[in-house]
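If you count by our numbering, then the sequence shown holds residues 3 to 214, one letter each, in order.
We treat Cβ as the ideally placed atom computed from N, Cα and C, and that holds for glycine.
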Amino acid sequence: MGNELPIYEEQPAAFEILLLRLDPQRDRAAEQYEVLRRKLVKFFDWSSCFPAEDFADETFDRVARILADRPVHSLEAFLWGVARNIRQEGHKRAERIVGIADLPDHGISIRDAANLEEQVLARNESEARAQCLRKCLQRTGEPDRKMFLKYHHIQGDAQEYRERLAKEMGLTIGALRVRINRVRAQLEKCVQKCLAPSGSRADGPRRRAGCE
3 MGNELPIYEE
13 QPAAFEILLL
23 RLDPQRDRAA
33 EQYEVLRRKL
43 VKFFDWSSCF
53 PAEDFADETF
63 DRVARILADR
73 PVHSLEAFLW
83 GVARNIRQEG
93 HKRAERIVGI
103 ADLPDHGISI
113 RDAANLEEQV
123 LARNESEARA
133 QCLRKCLQRT
143 GEPDRKMFLK
153 YHHIQGDAQE
163 YRERLAKEMG
173 LTIGALRVRI
183 NRVRAQLEKC
193 VQKCLAPSGS
203 RADGPRRRAG
213 CE
């Protein structure tokens with residue numbers, strides 16, 4: 003990869019390792035990434051895991067983190083193993099979506115990715131989560147906040163809309179997804195901190211959302 007600059011300053015390493023494993027040549031690696039991602043989206047769509055695109059991104063995210071820690075001999079086989087694990091986890095959980103009434107179109111729907119939605123156990127917690135998410139979005143830098151809201155405020159076909167958004171921002175669709183995942187991770191930490199009472203939480207692990 004030579005002296006190529008990382009895509010993002012805050013989390014370049016894992017994604018770069020993943021691309022390198024897909025193909026040493028960057029252009030071919032990006033093509034292979036998109037081919038695999040389309041297959042993953044179909045896989046999760048057929049498995050009734052929605053939004054399928056977010057589950058596909060979660061698969062790549064997990065694989066990239068693992069690659070940063072240890073070698074994987076057969077990357078594609080390993081990736082599909084991770085995808086099946088995520089599907090299995092998803093089918094054990096109920097999908098929960100948080101709607102924020104004062105956001106565009108009566109609220110964006112943000113899937114329970116990673117730990118972002120873990121704090122929701124019952125409907126009476128929904129308003130607290132919505133308030134925390136509003137606060138966390140307000141604290142997010144304006145460029146990232148606008149990008150995140152536009153990404154989730156889908157108009158028409160989701161894939162075409164997001165490809166158009168990436169082009170408007172001067173990014174590849176893969177680069178846009180990595181940037182969205184970074185903002186989502188920041189929001190996740192912020193919402194967790196906002197929802198947690200002072201002191202350690204005493205009521206054990208929370209359940210995650212999953213597939214239908």
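Residue range of the alpha helix (DSSP H) that includes residue i
{"i": "GLY176", "result": "175-197"}
{"i": "MET149", "result": "144-154"}
{"i": "GLY83", "result": "77-93"}
{"i": "GLN161", "result": "160-170"}
Rounded straight-line distance, which links the Cα of residue j to that of residue i
{"i": "LEU167", "j": "GLN90", "result": "32 angstroms"}
{"i": "GLU237", "j": "GLU55", "result": "A query on residue 237 cannot be resolved here, the shown segment of the chain reaching from 3 to 214 and no further."}
{"i": "CYS192", "j": "PHE150", "result": "15 angstroms"}
{"i": "HIS75", "j": "ILE68", "result": "12 angstroms"}
{"i": "LEU178", "j": "LYS169", "result": "9 angstroms"}
{"i": "LYS44", "j": "GLN140", "result": "34 angstroms"}
{"i": "LEU189", "j": "LYS94", "result": "24 angstroms"}
{"i": "GLY92", "j": "ARG131", "result": "21 angstroms"}
{"i": "GLU129", "j": "ARG136", "result": "10 angstroms"}
{"i": "LEU42", "j": "PHE52", "result": "12 angstroms"}
{"i": "HIS154", "j": "ALA187", "result": "15 angstroms"}
{"i": "GLY83", "j": "ASP159", "result": "29 angstroms"}
{"i": "ARG40", "j": "GLN161", "result": "10 angstroms"}
{"i": "TRP48", "j": "LYS195", "result": "35 angstroms"}
{"i": "ASP29", "j": "ARG181", "result": "19 angstroms"}
{"i": "LYS152", "j": "CYS138", "result": "16 angstroms"}
{"i": "LEU173", "j": "ALA70", "result": "24 angstroms"}
{"i": "ARG72", "j": "PHE46", "result": "26 angstroms"}
{"i": "TYR163", "j": "SER50", "result": "22 angstroms"}
{"i": "GLN27", "j": "LEU77", "result": "16 angstroms"}
Top-ranked residue by Cα proximity to residue i, from the options
{"i": "ALA58", "options": "ARG30, ALA31, ASN87 and ARG23", "result": "ASN87"}
{"i": "MET171", "options": "LYS41, ALA79 and PRO145", "result": "PRO145"}
{"i": "LEU20", "options": "LYS41, LEU81 and SER50", "result": "LEU81"}
{"i": "ASN183", "options": "ARG64, ALA31, GLN133 and ALA85", "result": "ARG64"}
{"i": "LYS148", "options": "CYS134, ALA160, VAL185 and LEU173", "result": "VAL185"}
Whether residue i touches residue j by CB criterion (8 angstroms)
{"i": "ILE175", "j": "GLU165", "result": "yes"}
{"i": "ALA79", "j": "ALA16", "result": "no"}
{"i": "TYR35", "j": "LEU24", "result": "yes"}
{"i": "THR61", "j": "ALA85", "result": "yes"}
{"i": "CYS134", "j": "LEU38", "result": "no"}
Residue i CB to nearest heavy atom of the ligand COA below 7 angstroms
{"i": "ARG184", "result": "As far as ligands go, the structure on display features none, and thus does not contain the ligand COA."}
Worksheet item: Which ranges does the alpha helix (DSSP H) cover as unbroken runs of at least 4 residues, wholly within the stretch 4-60, from first to last along the chain?
Response: 14-24 and 28-48
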